[in-house]
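Participant:
In full-length UniProt numbering, the protein residues as written are 1 to 211.
Right, here's the structure in full:
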């Protein structure tokens, strides 16, 4: 019976919302889009079984496999592979990894619904929900080259004093993007601070073109 309810939760956004309501479990964050709805349904099912952390760990393992294995990438993304073959492939993948029933049901349903191509987005959305569950605030600092620990700490300390970060644990990630030329871009919550040289050059070019 529990398995049937889980499958129904994943079958469609409307069912996912009904399942969340029936379980009296509210996600810590409202996510939109197809990936957000599926991730929320999975979060609800995992929370109901007290398996939030375990499912997150399994999803990370699956994402690692997806990143490394081109065959798995083709299985998920190739639209010429029919749904039944995709389901068989997913079942084999999950069987080899000995994943939980929740994860197994979820990915089988993605295959049945033709949504396996959304796997990476759904996993990212689930991780976003888990971050909110742990009261974390993701901070992505993009720079032209790797930043040293002292610089990262200074930026983190400055952001921790903002109202958006109040009472939250900052999770800082440094991404390298040579195209920004120099300076930084900082993304935290729904805010973006662009202090990059590339941005300044673009603004200068816009001013010049208007002369």
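Here a beta-carbon is modelled for each residue, glycine too, at the ideal position from N, C-alpha and C. On a predicted model such as this, the values are computed, not experimentally measured, just so you know.
The beta strand (DSSP E) spanning residue 187 covers which residue range?
Facilitator: Run containing residue 187: 184 to 188, per the beta strand (DSSP E) assignment.
Participant: Using CA atoms only, rank isn't needed, just tell me which of 179, 188, 145 and 149 is closest to residue 165.
Facilitator: 188
Participant: Taking only runs that begin and end inside the region 57 to 129, name each unbroken alpha helix (DSSP H) of 4 or more residues, in chain order.
Facilitator: 70 to 77, 83 to 97 and 101 to 112
Participant: I'd like the list of long-range same chain contacts for residue 129, defined as Cβ closer than 8 Å, with 5 residues on each side in sequence excluded.
Facilitator: 27, 28, 29, 31, 39, 40 and 43
Participant: Taking DSSP as the reference, what is the three-state secondary structure of residue 55?
Facilitator: helix
Participant: Rounded to whole angstroms, what is the Cα-Cα separation between residue 145 and residue 61?
Facilitator: 28 Å
Participant: I believe residue 180 touches residue 196 by the beta-carbon criterion, under 8 Å. Please report the beta-carbon distance rounded to the nearest angstrom.
Facilitator: About 4 Å separates the Cβ atoms of residue 180 and residue 196, confirming a contact at the 8 Å cut-off.
Participant: Quick check on DSSP: helix, strand or coil for residue 148?
Facilitator: Assigned with DSSP and collapsed to three states, residue 148 falls in coil, not helix or strand.
Participant: Specify the secondary structure class of residue 137 as computed by DSSP and reduced to three states.
Facilitator: Of the three classes helix, strand and coil, the one that applies to residue 137 here is strand, per DSSP.
Participant: Rounded to the nearest angstrom, what separates residue 86 and residue 177 at their Cα positions?
Facilitator: 35 Å
Participant: Relative to the C-alpha of residue 116, which candidate in 88, 97 and 53 has its C-alpha closest?
Facilitator: 88
Participant: Is residue 174 helix, strand or coil by DSSP?
Facilitator: strand
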